[in-house]
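Numbering (the numbering used here), first residue to last: 3 to 289. Note that beta-carbon positions come from the ideal geometry of N, C-alpha and C, so glycine has one too. A quick write-up on the structure given underneath.
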């Protein structure tokens, strides 16, 4: 039986300025098992128990934010620490939401550190960005030695099912990946509601849904790039790029489902090559 060291961070704040929530998770490899060894939180940001649908090596963890979305003034922080040889797959139970703001800005900062030999698969489900939302989404990944990171991000601008478009508001994005302190990937951008970038050919070209899949691993090479290029999206438009130690996939479309399916197929091709395991879809995606 594994014992999780739990701690409660200082009490969270909730007032007119919004929620303050923080979650820190530490994973360790103990024998042939990856365990959730440390957990500390404050506010409405928690995880369910560790799951092992594909054996003890890979720890599946579901991140839960009970308010179901980020409103103006909310400040959420997630920190993941993976020890040597640990293998973690983290996802969410459903779509995240960035709610319309009356003026205050929401923020979600995700910090991930993976020790040598570790594998972090960070695969949250899509985020719905409501018209009028104001937010900042930042992801910072630090890898040691031959550590592997597989990360997905999908954004739907406006509640397209009800005909809503992203006509006002702003979502600032920042992603950084470093290996042994040296940058592999640095991306910054701002999606402004109603801006020309949303319809420009050099921007989102009128597509309300955009998605990215990043694979940072020593095993990224020309062979895997060709395997990805052979996988065509059923709908929308996708493209892949190989950089030193990094594979990047981009997708644009009108709905989340075909983009999610394409990224899953790419992930299925990459996982055996960089992590030595066949793809295992999280069970929560089927609910």
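- Counting only residues of its own chain and dropping the five nearest sequence neighbours on each side, residue 219 has a CB closer than 6 Å to the CB of 150, 276.
- For residue 258, the uninterrupted alpha helix (DSSP H) segment begins and ends at 258-277.
- Non-local beta-carbon contacts of residue 43 in its own chain, meaning distances under 6 Å to residues more than five positions away in sequence, involve 25 in chain order.
- Of the residues 279, 161, 196, the one whose Cα lies closest to the Cα of residue 258 is 161.
- Membership of residue 230 in the alpha helix (DSSP H) is indicated by the continuous run 224-231.
- Pairing residue 118 with residue 166, the inter-Cα distance amounts to about 45 Å.
- Distance from residue 127 to residue 96 at the Cβ level is roughly 6 Å; contact confirmed, criterion being Cβ atoms closer than 8 Å.
- Taking 8 Å as the cut-off, the Cβ atoms of residue 89 and residue 121 count as close.
- Under DSSP, residue 36 shares a beta bridge with 31.
- Contact between residue 23 and residue 47 holds, since their C-beta atoms are separated by about 4 Å, short of 8 Å.
- When 190, 180, 41 are compared, the shortest CA-CA separation from residue 80 is found for 41.
- Out of 244, 94, 61, 82, the CA that lies nearest to the CA of residue 68 is found in 94.
- For the set 156, 221, 215, the Cα lying nearest the Cα of residue 274 is the one of 221.
- Cβ neighbours of residue 189 within its own chain (closer than 6 Å, five residues either side excluded): 177.
- Runs of the alpha helix (DSSP H) spanning 4 or more residues and lying entirely within the region 48-76 do not occur at all.
- Going by beta carbons, residue 145 and residue 107 fall outside the 8 Å limit.
- The continuous beta strand (DSSP E) containing residue 253 extends over residues 248-255.
- Annotation note: the region 127-210 contains the following uninterrupted beta strand (DSSP E) runs of length 3 or greater, listed N- to C-terminal: 129-131, 136-145, 150-159, 172-181, 184-194.
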